[in-house]
Amino acid sequence: MTIKKSKIISKNFEKNGLSKKPNTVTRAGITAEIKPTRGKQLVEHNPLSLIPDPSNPRPGDKIDDGWIKKYLMVGDENSLCALDEATGEYVIPTFDELDLDDSDDLRGEYEFLRDLAFSIRTDGLIEPIEIFLADKNNDQEYFVGSDLEYGYVVLEGHKRRLAGILSGVNTVTCIEITDETMLARLKVKHRKLRRQLSENNLRRNLTVSQNFKIVKELLQSDDSENISVKELSSIIGLNEYIAGALKRLILSEDKYPKQMFYVIENKNVSFKWIRTWVGKSFSEIEDELERLISGRPNPSIKEKAKAKSRGKKGGAIKKSASFKVKEEIDSIKLMKFLFDRIPELKEDTLDDRPFHNLEKVLSNLMSLAKV
318 MTIKKSKIIS KNFEKNGLSK KPNTVTRAGI TAEIKPTRGK QLVEHNPLSL IPDPSNPRPG
378 DKIDDGWIKK YLMVGDENSL CALDEATGEY VIPTFDELDL DDSDDLRGEY EFLRDLAFSI
438 RTDGLIEPIE IFLADKNNDQ EYFVGSDLEY GYVVLEGHKR RLAGILSGVN TVTCIEITDE
498 TMLARLKVKH RKLRRQLSEN NLRRNLTVSQ NFKIVKELLQ SDDSENISVK ELSSIIGLNE
558 YIAGALKRLI LSEDKYPKQM FYVIENKNVS FKWIRTWVGK SFSEIEDELE RLISGRPNPS
618 IKEKAKAKSR GKKGGAIKKS ASFKVKEEID SIKLMKFLFD RIPELKEDTL DDRPFHNLEK
678 VLSNLMSLAK V
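Below, the structure is given as structure tokens:
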């Protein structure tokens, strides 16, 4: 069987976007020579031409399109991310060079993007950005303030897109969803959550607080009231026990103290904590919240008893001792030594089993020691 090699092509009609909706012939040409997968296809796009979701930032994220345009002037002729003609090296300012108010979260987020941008310039984008084709008639939220009739919207990989823009490369590798049934499912209640919670090459794990805020936004939306626990579990990537606890808490908000939601969003609690306390009574939860906020220790957790010291390393008191004698001749030599030094141990009932005899002698020695 002969397999025809497919060519990845660029779909950029303009530097920063698509000028108009292509006709049927053009669209056929766009999708003719691509690498197909099941419901997806591999393509190349200029990162500047990709449309970010307006509700893209995950809770806690600070850097978006507006930020990089304001502080790095990306897309402008005075962009701070550019090739230095004198040295021939591509320059992306360090965080300290931007003269911003120092923040550990912002610094970490920026340095991550900067490192990823240099990696893209050197090795390309290893994990493609996932996109889908949207049009203004059916997906108006992506075209607010835009003259475009259609465009490619980022489904997963918003940070990779930003890093691609900072890197200054002409194109980045993308996976376009082409299966209409798959796209239909993603474009309703699941898409936003799937995008924000899916594991990608960034490996930046969401905190319990971030997960809670995202799930809360999803479950309180108009079109998500019938999401099952099993379905929610598959979307957020957490087990059904956690998904069920989150759903119960969010959809029955009036049954829980308001401070509980404050603690989840602002304190370092675990999913296990949520699972445990979502089933408690109102008064029990209030007591627990008071303990958490005041910083008092949990009385239900007993301190482990300190091990009694034994020797230099410590530990429990040793109550028995044992040793091994590998050869029969060694056991005979040891008994002879003991008989010579301690005549009282002389045993007339010894047989021809050296190991067994040694045990009897040592037992007698212990009896003598107790006298």
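Adding 317 to a residue's 1-based position in the sequence shown gives its number in the working numbering. For each residue, glycine too, the CB sits at the ideal point set by N, CA and C. On a predicted model such as this, the values are computed, not experimentally measured, just so you know.
**Q.** One or two residues paired with Cys398 in a DSSP bridge
**A.** Along the sequence shown, read from residue 1 onward, the residue named residue 398 stands at position 81. Answer is none; Cys398 lacks a bridge partner.
Q. How about Ile610: is its Cβ closer than 7 Å to a heavy atom in the ligand GDP?
A. The model depicted lacks the ligand GDP and carries no ligand whatsoever.
Q: State the Cα-Cα distance for the pair Ser639 and Arg424, rounded to the nearest angstrom.
A: Here residue 639 refers to the residue found at position 322 when the sequence shown is read from its first residue. Here residue 424 refers to the residue found at position 107 when the sequence shown is read from its first residue. Between Ser639 and Arg424, the C-alpha separation is close to 59 Å.
Q) When the distance is taken between beta carbons, is Ile385 closer than 8 Å to Leu483? A) In the sequence shown, counting from the first residue as 1, residue 483 sits at position 166. In the sequence shown, counting from the first residue as 1, residue 385 sits at position 68. Taking 8 Å as the Cβ cut-off, Leu483 and Ile385 qualify as a contacting pair.
Q: Would you decide whether Lys533 is buried or exposed? Buried here means 16 or more other CB atoms lie within 10 Å of its CB.
A: Position 216 of the sequence shown, counted from the first residue, corresponds to residue 533. With 16 or more Cβ atoms within 10 Å of its Cβ, Lys533 is classed as buried.
Q: Could you have a look at Lys663 and say whether DSSP puts it in helix, strand or coil?
A: The sequence position of residue 663 within the sequence shown is 346, counting from 1. Coil.
**Q.** 8 Å Cβ cutoff met for Val580 and Leu606
**A.** One-based indexing of the sequence shown puts residue 580 at position 263. One-based indexing of the sequence shown puts residue 606 at position 289. In contact: Val580 and Leu606 (Cβ atoms closer than 8 Å).
Q: Excluding the 5 residues preceding and the 5 following Lys357 in the sequence, name in chain order all residues of the same chain whose CB lies nearer than 7 Å to its CB.
A: Position 40 of the sequence shown, counted from the start, is the residue given in the question as residue 357. Excluding sequence neighbours, Lys357 sits near Ile492, Glu493, Ile494, Thr495.
Q: Leaving aside the five residues before and after Leu397 along the sequence, list all residues of the same chain whose C-beta is less than 7 Å from its C-beta, in chain order.
A: As a working mapping, residue 397 is identified with position 80 in the sequence shown. Here the set comprises Leu389, Met390, Pro410.
Q: Would you tell me roughly how many angstroms separate the C-alpha atoms of Ser436 and Glu582, rounded to the nearest one?
A: Your numbering for residue 436 matches position 119 in the sequence shown. Your numbering for residue 582 matches position 265 in the sequence shown. Each residue's alpha carbon lies about 34 Å from the other.
Q | Cβ-based burial, Gly646 [other Cβ within 10 Å; buried from 16] | A | Taking the sequence shown and counting its residues from 1, one reaches residue 646 at position 329. According to the sequence shown, residue 646 is Ile rather than Gly. Counting Cβ neighbours within 10 Å, Ile646 comes out exposed, since fewer than 16 surround it.
Q. Count the other CB atoms within 10 Å of the CB of Phe654; is the residue buried (16 or more) or exposed (fewer)?
A. One-based indexing of the sequence shown puts residue 654 at position 337. With fewer than 16 other Cβ atoms within 10 Å, it is exposed.
Q. Where does Phe529 land, buried or exposed, given buried means 16+ other C-beta within 10 angstroms?
A. To locate residue 529, count along the sequence shown from 1; it is residue 212. Phe529 is buried by the Cβ-count criterion.
**Q.** Straight-line Cα distance separating Lys589 from Lys677
**A.** The count along the sequence shown starts at 1 and reaches residue 677 at position 360. The count along the sequence shown starts at 1 and reaches residue 589 at position 272. About 56 Å.
Q.
So, with DSSP's three-state summary, where would you put Asp657?
A. As a working mapping, residue 657 is identified with position 340 in the sequence shown. Three-state result, Asp657: helix.
Q: Taking 8 Å as the threshold, find out whether the stretch 443-456 comes into contact with the stretch 471-480 through three or more Cβ pairs.
A: yes
(Q) Using the three-state DSSP reduction, which class does Glu493 fall into: helix, strand or coil? (A) As a first step, residue 493 must be located in the sequence shown, where it is residue number 176. Glu493: strand per DSSP, three-state reduction.
Q) Between which two residues does the beta strand (DSSP E) harbouring Gln457 extend? A) As a position in the sequence shown, residue 457 is number 140, starting the count at 1. Counting along the chain, Gln457 falls outside any beta strand (DSSP E), and DSSP gives it neither H nor E.
Q) So is Ala686 buried or exposed if we call it buried at 16+ other beta carbons inside 10 Å? A) Within the sequence shown, residue 686 is the residue found at index 369, counting from 1. Label assigned to Ala686: exposed.
Q) Looking at the structure shown, is Phe640 part of a helix, part of a strand, or coil, going by DSSP? A) Taking the sequence shown and counting its residues from 1, the one referred to as residue 640 is at position 323. Three-state DSSP puts Phe640 in coil, outside helix and strand.
**Q.** Pairwise C-alpha distance: Ser569 and Val546
**A.** Here the question's residue 546 lines up with position 229 in the sequence shown. Here the question's residue 569 lines up with position 252 in the sequence shown. If you take the alpha carbons of Val546 and Ser569, they lie about 15 Å apart.
Q.
Strictly by DSSP, which residues pair up with Gly383?
A. Start at 1 with the first residue of the sequence shown, and residue 383 comes out as number 66. Paired residues: none, contrary to the question.
Q.
Using CA atoms only, rank isn't needed, just tell me which of Asn543, Ile368, Met683 is closest to Tyr469.
A. As a first step, residue 469 is located in the sequence shown; it is residue number 152 there, counting from the start. The residue with the shortest Cα to Cα distance from Tyr469 is Ile368.
Q: Would you mind sorting His673 into buried or exposed? The rule is 16 or more other CB atoms within 10 Å of its CB.
A: Looking up residue 673 in the sequence shown gives position 356. Exposed is the call here.
Q. Using the rule of at least 16 other Cβ atoms within 10 Å of the residue's Cβ for burial, across every protein chain shown, is Asn363 buried or exposed?
A. Numbered from 1 along the sequence shown, position 46 holds the residue referred to as residue 363. It counts as buried.
Q.
The beta strand (DSSP E) that contains Leu359, what's its start and end?
A. By one-based count along the sequence shown, residue 359 stands at place 42. Start and end: 357-362.
Q) Nearest CA to the CA of Leu609: which residue from Leu442, Ser598, Val595, Val586? A) The residue labelled residue 609 in the question sits at position 292 within the sequence shown. Measuring from the Cα of Leu609, the nearest candidate turns out to be Val586.
**Q.** When Leu400, Glu603, Met683, Asp440 are compared against Ile659, the one with the closest alpha-carbon
**A.** The sequence position of residue 659 within the sequence shown is 342, counting from 1. That would be Met683, whose Cα lies nearest to the Cα of Ile659.
Q. Which class does Gly468 belong to by DSSP, given the choice of helix, strand or coil?
A. Taking the first residue of the sequence shown as position 1, residue 468 is located at position 151. Strand.
**Q.** Contacts around Ile380, its chain only, beta-carbon distance under 8 Å, and the 5 residues preceding and following it disregarded
**A.** Walking along the sequence shown from the start, residue 380 turns up at place 63. These residues qualify, in order along the chain: Leu423, Glu426, Tyr427, Leu430, Leu479.
Q) How would you label Thr666, buried or exposed, when you count the other beta carbons within 10 angstroms and need 16 or more for buried? A) As a first step, residue 666 must be located in the sequence shown, where it is residue number 349. So Thr666 ends up on the exposed side.
Q. When the Cα atoms are used, what is the spatial distance from Ala451 to Val360?
A. Within the sequence shown, the letter at position 134 stands for residue 451. Within the sequence shown, the letter at position 43 stands for residue 360. Looking at the two C-alpha atoms, the distance is approximately 16 Å.
(Q) Measuring straight from C-alpha to C-alpha, what distance separates Ile347 and Ser550? (A) If you number the sequence shown from 1, residue 347 lands on position 30. If you number the sequence shown from 1, residue 550 lands on position 233. Legend: pLDDT at Ile347 = 43, less than 50; position of this residue unreliable, value from coordinates given subsequently. Approximately 37 Å, taken between the alpha carbons.
Q. With distances taken from CA atoms, which of Met577, Gly462, Gly405 is nearest Ser526?
A. The count along the sequence shown starts at 1 and reaches residue 526 at position 209. Considering only alpha carbons, the answer is Met577.
Q. Just how far apart, CA to CA, sit Leu679 and Glu644?
A. Taking the first residue of the sequence shown as 1, we reach residue 679 at position 362. Taking the first residue of the sequence shown as 1, we reach residue 644 at position 327. The alpha-carbon atoms of Leu679 and Glu644 are separated by roughly 17 Å.
Q) What's the gap between the Cα of Lys337 and the Cα of Asn454? A) As a working note, residue 337 is residue 20 in the sequence shown. As a working note, residue 454 is residue 137 in the sequence shown. Per-residue confidence for Lys337 stands at a pLDDT of 47, beneath the threshold of 50, marking its modelled position as unreliable; no derived number is given.
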